[in-house]
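What follows is one structure encoded as C-alpha cells, with my remarks underneath.
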Amino acid sequence: MSNKFIPHTEDDLRVMLERIGVDCVDALYADVPQEVIFQGEYDIPSAMSEVELRKHFKELGKKNSQLTVFAGGGVYDHYSPSAVAHLLGRSEFYTAYTPYQPEISQGTLQYIFEYQTMIAELTGMEASNASMYDGATATAEAMFMMVNSARKKNRVLISATVSPRVAEVVKTYAKFHGVALDVLPEKDGVTDLSLLDAELAKGDVAGLIVPKPNKYGIIEDLTGVADKLHAAKGFLTMNCDPSTLAVLRTPAGWGADIACGDGQTLGMPMEFGGPYLGFLACGSGMLRKMPGRVVGATKDADGKRCYVLTLQAREQHIRRQKATSNICSNQSLMALYATIYVALMGKEGLKEVNKLACDGAHYLCDALVKSGKFQIAFDKPFLKEFTLKTDLDVKALNKKLLANGIMGPLDLGDGLVEFAVTEKRTKEEIDQLITLILEA
Amino acid sequence: MKTYDKLIFELSRPGRKGYELPADQYATDGLAAIPADMLRKEPLDLPEVSEGDVVRHYTNLSNKNFGVDTGFYPLGSCTMKYNPKINEEVAAMAEFANVHPLQDPESVQGALEVYYNLQQALAALAGFAEFTLNPYAGAHGELTGLMVMRQYHISRGDTKRTKVIVPDSAHGTNPASAMVAGLEVVEVKSRPNGSIDLEDLKPLLDDTVAGIMMTNPNTLGMFETEIVEIAKLVHEAGGLLYYDGANLNPLLGKVRPGDMGFDIMHINLHKTFSTPHGGGGPGSGPVGVAAHLVDFLPNPRVKKGEDGKFYVEFGDKSLGSVSTFFGNFGVMLKAYAYILSLGKENIKNVGPMATLNANYIKESLKDDYLLPIQGVCKHEFVFDGLKDKSTGVTTLNVAKRLLDYGFHAPTIYFPLLFHESMMIEPTETESLETLDEFIDVMHKVAKEARENPQAVIDAPLTTPVRHLDETGAALHPILTYKALKANA
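For the record, the sequence lines run as chains A and B.
Going by the working numbering, the first sequence opens with residue 1, and the numbers climb by one from there.
Going by the working numbering, the second sequence opens with residue 1001, and the numbers climb by one from there.
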C-alpha cells in the first residue's frame, strides 16, 4: 500500500485492522452495494516518478509559447517583484484552510485585513470583502447586491461596453437567478448615456453596471450618472481595473455604490486565465448585503489586537438558502498576492506602473496612427489599452507577429484591433512591434 | 516571533520604497492626455516600505498560521491531506505562468492539453462522460452543476421543474447554491444515521422536481446504502441526481459516482486531488456530467480534434459562462501532477487508506467520546462531544484545547444533527504514529475534562491570541486600518 504520499506499511495495516476489528480493508466497504463497487482499472496513466513527472511537464510546457504580450482584454502582463512569489511559497500560508480557528490563523486573518484596507483605499470605498473568484463573478454578485438592496426592483442595466467575457458571466447568473438584465447600448465607443433617463423613468431599475476602463480601453465620462441612479432609487456598480485606480478617479469619486473587478492587474501571473481574484467593495450602508468572507479587527481576552471572520450571519453555513450568496471561500492566497504586491509597489510604485504603461501605450498608438495604416477608432481618453481601426488583414498580421514571438492586438472584428502596453514592455519591444506591423 | 503584531501600514515611512522600475524612455506624457476630471483626486495612502520590511513582515505573519505542513489537521469534510511539493513547482513553471488566456490556441497547446487530459482523468475516476474545469471552487461547482440541471429541463421545455431536494443534513452550500441558481429548496429528512428516508422522499418526487443533491458518504461519513433505489426513484420521476463531491475521497479506488446513478457532480480538487487550500482558496470545482448533459456544460470548452490538436469551443446549447476564462488553471496543474504521481496503480489506495485511518481513530476514541452512529464509517465520522456530559466541557472547549497540544481542531458544530458535533477526517496521508499521537491527546483532554475541567474550558492558553471578542467584531465592524485608527 505504501507510497510517498500514503505511509501505510503492512505492519501498520495489521495493527489498525485489529483495532477496528475487521480482517481486511475491503471489509470497511461491506456496506456498499456490490453492484456499485468499481471492479475495473482506471483509464488514467501509470504512476510517474518525480524525474519523469518533471520531464513530462517540461514537454507540455514546450508546447506553450511565452510571448511578448501586446494584448489585454482583462489580463495584462504586469511586472511582479520576486519577493511576492517567494513569500507566497511559505507553506504556513498556502497549506492552511479558511481561518475558522482564529487563534492559529492570525497570519491569514491579518493579511486579509490588510488586503481589505488596500482595496478600500484604491477604490475609495469604506469596505471590501476578503475577495471572490474573479472579476466577472464579483460583478455578478454586485448585480445581486443591487437587486437585494433596491426595494422590489428586479431589473439591472449593464453597459454594452463592459468586457464581453465579464458580461457573459453576469448574463448567465442573471438568467438562472431570475434577474432581468438589459444591455444599455454603446455609441462612439462609450455607454450611450442619453438612453439612461428613459430607462430609469420606467421605475424598475435596481442598478447599472459600467466599466472602467471599458472594453475598448476607454475611460468613460460618467459625470452625473450616479446622481441619476440615486434619484431613481437605484445603484451604480463600477467594474474596474484596480491597478489603474492609483491614477484614475476612484469609483467612490464617481459616486458609485459598488466597486468590483479583477485583481489580476496587481502583478499576478497570467497563468492561462487563473487563479486571480475578484474584488468587491462598497459603502458601509450596503455592508450587510455584501457576499463573501469579511475580516474584522477585535481584541482578545488579554486585550491584544487580533482579527476574526465577521458578519457571518450573512453566510451560507448559517443562513443556508437565505444567505446573500453561496460563496464559502475566497481566493485567499491571491489576496495575499495582491497585498504583498501593493505593499512592495506602494504609494509611488503603483503610480509609476501606470505612468510607464500609459506613456508606452500612447507612444505606440501615436506611431501606428502616424503610419497611416491605423486610424483612431474613438477619440476618447485611454490609459494602457486602446482600440484602432485598420484595413490590414488582422488575422494574417497576428500570425506574423506570433511567428516573431509576439502576441498581437485582440481582434475585435470589423477592422477594430485592441492593443495593450504594460510597464514591462520596453521601448525596443514596442519599436520592434511597430516595425513588424508596418512591414505588413 | 508569535508576538509580532504590527500592520504593514504601521511600518510605512514617507519616501521609503520596495520596488525599482525601468526609467521612462518615452517623450510622450500619456497621463496628460487624460482630462483632469478623470484622474484620481484623493491622496493614495498605501504603504511605503522596503523590500526587507515586507519580507520580514509577511514571514512573521506566516509564523502565526497553522497549515497541513505544520501539523495534523483533522478538519472534517475538508480533506486536509498533504500537498505535494512537486505540484507547486509545476504550477510555477514559466511555461505555464507566462501564458495569456487569449493567445492563439496554436500557441497554448500545452495548456490546453493539461486541461483536456485532466478532465479526461477526472471523467475516468468518477465515471462520467466529460468534465468542465471552469468552476473556481466547490460551491461554484455546485452552482454550475445546478445550472446544467436547469438547462437540461429548460431544453426539454419542462419549465415547471423548479424545485431541488436537499437533505436536512447537507452542507450549507447546497441550499445556498440552489437559491443562487433560481431553484426552490425542498428539504428531505434524514434518518438518525444521516441517510435519506425513502418514505419521506417518495411523496416529494413530483413533476416540479428538477433533481436532488446528495453527498455519499453523507455528512456523518456513512455510506447511503440505498443509493441505487434513490437513483431509480428520482429518475423515474424525471429528476436528475447531483453528487456533491465534497466527500469523494473515501470512494477513490472503490466507487465511481457515475456508477451510482448520479448525472452531475462536482469535485473539489483542493480536497480529493491534493491541491492546497491556500488559506481559503484558490480552489477548483470541476463539474462532471453524464453523456446526455455534455452539451449544456459552460463555455468555453476544451476539445481535442481528430488531428490530435486541442481547440477551444463555445457551444450554443451551453448554459453560458461561469468564469472569465478557463477557471483556476494553476490549480489544475497541481491536481494533474498529483494524479500522474499516483497513477492508476496507487490512486486506488487513496479511498481505502483514508477510510482505514478514520475508522482507526473512531474505534480508538469511542470510550471517551460519544459515538452516536455505530458501524463502519468512511473517510470521516462524528462524535457528539465527550461521553461524560457531567463535566461541563463542550466540543468548543475540546477543540480549543487541541490547539494547545499542537493539533488543528476538527470541524465543530456541524452537522447540525447533534448538539456537540465534532467531525473528524484524518485523510490517507497521515501515518499511524500521527494518528496515535492525536488519539493520546484526545484521551488526555477527556481526562482533563474529568479531573480539571477548568483547564479545558480556559483553553487555549498557548496560542498567539486567545478568546477573541467575535461578538464585538460583528456588532461594530472594523474592516480597514483607517477604521481601526478612527476607533483607537
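Even for Gly, the Cβ is constructed at its ideal location relative to N, Cα and C.
Whole-angstrom Cβ separation of residue 1464 of chain B and residue 1075 of chain B, contact assumed at under 8 angstroms?
About 20 angstroms separates the CB atoms of residue 1464 of chain B and residue 1075 of chain B; that is not less than 8 angstroms, and the two are not in contact.
Is there a C-beta anywhere in chain A that falls below 9 angstroms from the one on residue 1363 of chain B?
So, interface residue.
May I have the straight-line CA-CA distance separating residue 1244 of chain B from residue 1201 of chain B, to the nearest angstrom?
Looking at the two C-alpha atoms, the distance is approximately 18 angstroms.
Thinking C-alpha only, which one of B/1386, B/1254 and B/1180 is nearest residue 1127 of chain B?
Out of B/1386, B/1254 and B/1180, B/1254 has the C-alpha closest to the C-alpha of residue 1127 of chain B.
Classify residue 332 of chain A as buried or exposed, calling it buried when 16 or more other Cβ atoms lie within 10 Å of its own Cβ.
Within 10 angstroms of the beta-carbon of residue 332 of chain A lie 16 or more other beta-carbons, which makes it buried.
How close, in whole Å, do the beta carbons of residue 378 of chain A and residue 189 of chain A come, if the pair is a contact with beta carbons under 8 angstroms?
With a Cβ gap of about 3 angstroms, residue 378 of chain A and residue 189 of chain A count as contacting.
Suppose the cutoff is 7 angstroms on Cβ atoms and the five residues either side in sequence are ignored; what does the same chain contact list for residue 416 of chain A look like?
These residues qualify, in order along the chain: 377, 387 and 389.
How long is the line joining the alpha carbons of residue 462 of chain A and residue 1225 of chain B, rounded to whole angstroms?
This structure leaves residue 462 of chain A out entirely; chain A is present only between 1 and 440.
Which residue wins for smallest C-alpha separation from residue 1288 of chain B, given the options B/1062, B/1049, B/1098 and B/1142?
Considering only alpha carbons, the answer is B/1142.
What is the DSSP secondary structure of residue 494 of chain A, reduced to helix, strand or coil?
Residue 494 of chain A falls outside the range modelled here, since chain A spans only 1 to 440, and no answer is possible.
With DSSP run on the structure shown, which of helix, strand or coil describes residue 258 of chain A?
In the three-state reduction of the DSSP assignment, residue 258 of chain A falls in the strand class, which pools E and B.
Determine, using beta carbons only, whether residue 1326 of chain B and residue 1302 of chain B come nearer to each other than 9 angstroms.
For residue 1326 of chain B and residue 1302 of chain B, yes; Cβs fall inside 9 angstroms.
Would you be able to state if there are at least three C-beta pairs under 8 angstroms between the region 1384 to 1404 of chain B and the region 1418 to 1433 of chain B?
Contact between the region 1418 to 1433 of chain B and the region 1384 to 1404 of chain B is present, because at least three Cβ pairs lie under 8 angstroms.
Please list, in chain order, all residues of the same chain as residue 72 of chain A whose beta carbon is under 6 angstroms from its beta carbon, the five residues on each side excluded.
Closer than 6 angstroms at the Cβ level, and outside the excluded window around residue 72 of chain A, lie 385 and 420.
Nonlocal neighbours in the same chain, by C-beta distance under 6 angstroms from residue 1053 of chain B, ignoring five residues either side
Closer than 6 angstroms at the Cβ level, and outside the excluded window around residue 1053 of chain B, lie 1011.
Output the boundary residues of the alpha helix (DSSP H) element that contains residue 1072 of chain B.
Per DSSP, residue 1072 of chain B belongs to no alpha helix (DSSP H) and is neither H nor E.
Quick check on the burial criterion: 16 or more other C-beta atoms within 10 angstroms. Buried or exposed for residue 1049 of chain B?
In this structure residue 1049 of chain B is buried. Its beta-carbon is surrounded by 16 or more other beta-carbon atoms within 10 angstroms.
Quick one: which residues of the region 1368 to 1383 of chain B get their C-beta closer than 7 angstroms to a C-beta of chain A? List them in chain order.
Of all residues in the region 1368 to 1383 of chain B, only 1376 come within less than 7 angstroms of chain A when Cβ atoms are compared, listed by chain position.
Rounded C-alpha distance that separates residue 360 of chain A from residue 1343 of chain B
Roughly 48 angstroms separates the two Cα atoms.
Output the residue ranges of the alpha helix (DSSP H) runs that lie fully inside the region 199 to 271 of chain A and measure 4 residues or longer, sorted by chain position.
Here the runs fully enclosed are 225 to 231.
So, is the C-beta of residue 1421 of chain B closer than 9 angstroms to a C-beta in chain A?
Chain A contact via Cβ: absent.
Endpoints, the alpha helix (DSSP H) within which residue 1343 of chain B is located:
Residues 1329 to 1346.
Are the Cβ atoms of residue 234 of chain A and residue 146 of chain A separated by less than 9 angstroms?
Taking 9 angstroms as the Cβ cut-off, residue 234 of chain A and residue 146 of chain A qualify as a contacting pair.
Suppose the cutoff is 7 angstroms on Cβ atoms and the five residues either side in sequence are ignored; what does the same chain contact list for residue 330 of chain A look like?
These residues qualify, in order along the chain: 130, 131, 132, 292 and 293.
Could you tell me whether the Cβ of residue 144 of chain A comes closer than 9 angstroms to any Cβ of chain B?
It does: the Cβ of residue 144 of chain A has a partner Cβ on chain B nearer than 9 angstroms.
Output yes or no for whether 9 angstroms exceeds the beta carbon distance between residue 1183 of chain B and residue 1150 of chain B.
Contact: yes.
Cα separation between residue 1280 of chain B and residue 1363 of chain B?
Taking the straight line joining both Cα atoms gives about 31 angstroms.
In this structure, what does DSSP give as the bridge partners for residue 437 of chain A?
None; residue 437 of chain A has no bridge partner.
Can you name the residues that DSSP bridges to residue 309 of chain A?
Answer by DSSP bridge pairing, in chain order: A/295.
Tell me whether residue 1401 of chain B is buried or exposed, calling it buried when 16 or more other Cβ atoms sit within 10 Å of its Cβ.
With 16 or more other Cβ atoms inside 10 Å of its own Cβ, residue 1401 of chain B counts as buried.
Skipping 5 residues on each side, what residues in its chain have a beta carbon closer than 8 angstroms to that of residue 1237 of chain B?
Leaving aside the five residues that flank residue 1237 of chain B on each side, the residues in its chain whose CB is nearer than 8 angstroms to its CB run, in chain order, 1205, 1206, 1207 and 1209.
Can you find a CB in chain B that lies within less than 9 angstroms of the CB of residue 131 of chain A?
So yes, residue 131 of chain A belongs to the interface.
Going by alpha carbons, who is nearest to residue 230 of chain A out of A/149, A/279 and A/393?
Out of A/149, A/279 and A/393, the CA that lies nearest to the CA of residue 230 of chain A is found in A/149.
Would a check of beta-carbon distances place residue 1236 of chain B closer than 9 angstroms to chain A?
Taking CB atoms only, residue 1236 of chain B has no neighbour in chain A less than 9 angstroms away.
Just curious, the beta strand (DSSP E) that residue 1266 of chain B is in, first and last residue?
Residues 1264 to 1267.
For residue 442 of chain A, which residues in the same chain have their Cβ closer than 7 angstroms to its Cβ, ignoring the five residues on either side in sequence?
Coverage of chain A is limited to positions 1 through 440, which leaves residue 442 of chain A absent and any answer about it impossible.
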